[in-house]
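Colleague: Numbering (UniProt numbering), first residue to last: 7 to 456.
Ideal Cβ positions, reconstructed from N, Cα and C, are used throughout, including at glycine.
Please read all numbers here as calculations on a predicted model, not as lab measurements.
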Ligand code: PLP
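Structure (structure tokens):
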């Protein structure tokens, strides 16, 4: 390929990147990733970079699995495309829907496919409103979500999300989306006991339902563990109270499992780890380990019966795309047959937890939290206090750059550093990852002292 500098210049000239400014592209030059294998990326300069984010929280089985490439090639030759509209279907989508129904808990037995998590959450908005209309309660249209949540970038899913920077652009949110506070004890809990705080934040849902009117609220959506918001693991008191409130007021519970699903928290779904019984789950990312774009909504028997009773005027050209479905099915076979979820739960997860939480002794780290294979650390100016840096995000940015310099991809959300490595990571690879993270923290600490 062309030399790196030329590729960077072409990229800056013609390629518009998500969540990136032109100045960043022009001044810094992007990293060009050329290959990947296992947990390592290779860039155009030949650097081997440990990907502690599994891409965007998605490459659960790791990079470079030939089985998925072979399945994709075979499916492209046999049936590269056909749709699932108007009374047609195909074998890969049938097999995938059956497999997902087997894996999903309770009576979540039906899948409406989409091309991404954003599209799936758009489906959910329309589906829950249509569900209540079909049940003779058309006023139930409000969906309650949380501040600082991320549910996608389309107009609908970006509205469900609670990111103020996203709402500031492009006219979001759409009507009838209401946000309550998140259960982020570290940043917002003040002097409260974490469990008391978790309960209080869950009860905000009840307050909102009573204020808005029980007859107007259709659903509550949340991630079992908030990912892009900063890997925020709620206090144990939070989810049982949310479940109680949803049951009491007949509010559909949507668990956005786009990150948590397919093993990330040590169970097939984060809902199992958090002990909740959703009516709908959003899935994407780990469903295909990112090898093909695919997402979907898994819904209960009851929701599927109501939605299917008349025509649901909704669907995407790539709903249940045969190549993506075949790739996803092969990915699930690997996750299952290689015991990857058990590896997270029993081996790599507990090992990483010990190593990750030990970073809490670093002078720059206030707290280090992890569930399964999603973890975060809070960077703080003073270890004895939860008070944040005066200029939010600076320390996180410096730390991310020091990670890059040490051939490690860790993401920062403000001053929280985040990891979400491929689930197949070994204990030896965890040692390398933690070693590089510690070096980056030391260098960041030194730079901030200057
Ligand atoms: N929901 C959650 C929880 C996510 O983290 C994301 C993406 O990061 C999405 C939805 C959107 O998925 P996609 O980027 O596939 O549209």
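Taking the DSSP output, what are the residues bridged to residue 458?
Modeller: Beyond the ends of the chain as shown, which are 7 and 456, falls residue 458; an answer cannot be given.
Colleague: Between residue 48 and the rest of its own chain, which residues show a CB-CB distance below 8 Å, the 5 nearest in sequence each way excluded?
Modeller: Within the chain shown, the letter at position 42 stands for residue 48. So the list reads 39, 40, 41, 42, 54 and 55, once near-sequence residues are dropped.
Colleague: Put residue 6 into one of helix, strand or coil per three-state DSSP.
Modeller: Summary: the structure shown does not reach residue 6, with the chain confined to residues 7 through 456, and so no result is reported for it.
Colleague: Please return the same chain residues whose Cβ sits closer than 8 Å to the Cβ of residue 399, not counting the five positions on each side in sequence.
Modeller: One-based indexing of the chain shown puts residue 399 at position 393. Cβ neighbours of residue 399 beyond the five flanking positions: 418, 420 and 421.
Colleague: Relative to the C-alpha of residue 255, which residue among 267, 230, 217 and 272 is closest?
Modeller: The sequence position of residue 255 within the chain shown is 249, counting from 1. Checking every option, the nearest Cα to that of residue 255 belongs to 217.
Colleague: So which residues put a beta carbon under 7 Å from any heavy atom of the ligand PLP, going in chain order?
Modeller: For the ligand PLP, the selected residues are 62, 63, 122, 123, 124, 125, 127, 156, 157, 158, 159, 163, 229, 233, 234, 262, 264, 265, 288, 290, 291 and 301.
Colleague: Pick helix, strand or coil for residue 373, following the three-state DSSP scheme.
Modeller: For the purposes of this step, residue 373 is taken as residue 367 along the chain shown, with counting starting at 1. Correct three-state label for residue 373: strand.
Colleague: For the beta strand (DSSP E) that contains residue 322, what are its first and last residues?
Modeller: For this step, residue 322 is matched to residue 316 along the chain shown. Premise fails: residue 322 is in no beta strand (DSSP E) and is neither H nor E.
Colleague: State the beta-bridge partners of residue 232 as determined by DSSP.
Modeller: Locating residue 232 in the chain shown gives position 226, where the first residue counts as 1. In the DSSP output, where bridge partners are listed per residue, residue 232 has 238.
Colleague: Pairs of beta-carbons, one from the region 311-331 and one from the region 272-285, closer than 8 Å: are there three or more?
Modeller: no
Colleague: Within this structure, are the beta carbons of residue 301 and residue 126 separated by less than 8 Å?
Modeller: Stepping through the chain shown from its first residue, residue 301 is reached at position 295. Stepping through the chain shown from its first residue, residue 126 is reached at position 120. Yes, Cβ-Cβ distance for residue 301 and residue 126 is below 8 Å.
Colleague: Is the separation between the beta-carbon of residue 426 and that of residue 63 shorter than 8 Å?
Modeller: Taking the first residue of the chain shown as position 1, residue 426 is located at position 420. Taking the first residue of the chain shown as position 1, residue 63 is located at position 57. Cβ atoms of residue 426 and residue 63: closer than 8 Å.
Colleague: I'd like the span of the alpha helix (DSSP H) that includes residue 172, first residue to last.
Modeller: What you label residue 172 is simply residue 166 of the chain shown in a count that begins at 1. It spans 170-173 - the alpha helix (DSSP H) in which residue 172 sits, taken as one unbroken run.
Colleague: Under the three-state reduction of DSSP, which class applies to residue 58: helix, strand or coil?
Modeller: Translated into positions along the chain shown, residue 58 becomes position 52. Correct three-state label for residue 58: coil.
Colleague: Assuming residue 218 is part of the alpha helix (DSSP H), what are its boundary residues?
Modeller: Along the chain shown, one-based indexing puts residue 218 at 212. Its alpha helix (DSSP H) spans residues 200-218.
Colleague: Take the Cβ of residue 100 as the centre, count every other Cβ of all protein chains shown within 10 Å, and call the residue buried at 16 or more, exposed below.
Modeller: For the purposes of this step, residue 100 is taken as the residue at position 94 of the chain shown. Exposed is the call here.
Colleague: Determine the extent of the beta strand (DSSP E) in which residue 178 is found, giving its start and end residues.
Modeller: To locate residue 178, count along the chain shown from 1; it is residue 172. Element bounds for residue 178: n/a, residue is neither H nor E.
Colleague: Counting beta carbon pairs with one atom in the region 181-200 and one in the region 255-270, are three or more of them shorter than 8 Å?
Modeller: no
Colleague: Over what stretch of residues does the alpha helix (DSSP H) that includes residue 313 continue unbroken?
Modeller: For the purposes of this step, residue 313 is identified with residue 307 of the chain shown, where counting begins at 1. 307-314 is the span of the alpha helix (DSSP H), which, as asked, contains residue 313.
Colleague: Could you tell me which of 190, 387 and 378 sits nearest to residue 66, measuring between CA atoms?
Modeller: For the purposes of this step, residue 66 is taken as residue 60 along the chain shown, with counting starting at 1. Checking every option, the nearest Cα to that of residue 66 belongs to 378.
Colleague: Residue 152: buried (16+ other C-beta within 10 angstroms of its C-beta) or exposed?
Modeller: If you number the chain shown from 1, residue 152 lands on position 146. Sixteen is the threshold: when 16 or more other Cβ atoms of the shown chains lie within 10 Å of the Cβ of residue 152, as they do, the residue is buried.
Colleague: Could you pull the start and end residues of the alpha helix (DSSP H) that residue 251 belongs to?
Modeller: Residue numbering aside, residue 251 sits at position 245 when the chain shown is read from its first letter. From DSSP, the alpha helix (DSSP H) with residue 251 extends over 244-254.
Colleague: Tell me, to the nearest whole angstrom, how far the beta carbon of residue 130 is from that of residue 303; I am working on the premise that it is less than 8 Å.
Modeller: As a first step, residue 130 is located in the chain shown; it is residue number 124 there, counting from the start. As a first step, residue 303 is located in the chain shown; it is residue number 297 there, counting from the start. That pair is a contact at about 5 Å.
Colleague: Could you tell me whether the region 107-116 touches the region 190-203, using the rule of 3 or more Cβ pairs below 8 Å?
Modeller: no
Colleague: Express the C-alpha separation of residue 161 and residue 21 in angstroms, rounding to a whole number.
Modeller: Numbered from its first residue, the chain shown carries residue 21 at position 15. Numbered from its first residue, the chain shown carries residue 161 at position 155. When rounded, the distance between both Cα atoms is 22 Å.
Colleague: Under 8 Å, with one C-beta from each stretch per pair, do the region 320-334 and the region 365-380 reach the 3-pair mark?
Modeller: no
Colleague: In chain order, which continuous runs of the alpha helix (DSSP H) of length 4 or greater are located wholly inside the region 258-301?
Modeller: 276-280
Colleague: Considering only residues of the same chain and omitting the five flanking positions on each side of residue 449, which have a CB-CB separation below 8 Å?
Modeller: Here residue 449 refers to the residue found at position 443 of the chain shown. 408, 411 and 412, listed in sequence order.
Colleague: Is the beta carbon of residue 271 closer than 8 Å to that of residue 231?
Modeller: Numbered from 1 along the chain shown, position 225 holds the residue referred to as residue 231. Numbered from 1 along the chain shown, position 265 holds the residue referred to as residue 271. In contact: residue 231 and residue 271 (Cβ atoms closer than 8 Å).
Colleague: Given a cut-off of 8 Å, decide if residue 114 and residue 305 are closer than it, judged by their beta-carbon atoms.
Modeller: Counting from 1 along the chain shown, the entry for residue 305 is found at position 299. Counting from 1 along the chain shown, the entry for residue 114 is found at position 108. Yes, these two residues count as a Cβ contact at 8 Å.
Colleague: In terms of residues, what are the limits of the beta strand (DSSP E) holding residue 11?
Modeller: Here residue 11 is taken as the residue at index 5 of the chain shown, counted from 1. No beta strand (DSSP E) holds residue 11; the alpha helix (DSSP H) holding it covers 10-20.
Colleague: Could you work out which residue in 226, 212, 261 and 207 is closest to residue 240 when comparing CA atoms only?
Modeller: For the purposes of this step, residue 240 is taken as residue 234 along the chain shown, with counting starting at 1. Of the candidates 226, 212, 261 and 207, the one whose C-alpha sits nearest the C-alpha of residue 240 is 207.
Colleague: Out of curiosity, what's the CA-to-CA distance linking residue 144 and residue 194?
Modeller: Reading the chain shown from its first residue, position 138 is the one you call residue 144. Reading the chain shown from its first residue, position 188 is the one you call residue 194. Those two C-alpha atoms are separated by around 36 Å.
Colleague: For residue 57, does the count of other Cβ atoms within 10 angstroms reach 16, so buried, or fall short, so exposed?
Modeller: Within the chain shown, the letter at position 51 stands for residue 57. Label assigned to residue 57: buried.
Colleague: Considering only their Cβ atoms, is the gap separating residue 380 from residue 237 smaller than 8 Å?
Modeller: Residue 237 sits at position 231 when you count from the first residue of the chain shown. Residue 380 sits at position 374 when you count from the first residue of the chain shown. Yes; because the gap between Cβ atoms is below 8 Å, this pair is in contact.
Colleague: Measure the alpha-carbon distance for residue 299 versus residue 307 and round it to whole angstroms.
Modeller: Counted from its first residue, the chain shown places residue 299 at position 293. Counted from its first residue, the chain shown places residue 307 at position 301. Roughly 26 Å separates the two Cα atoms.
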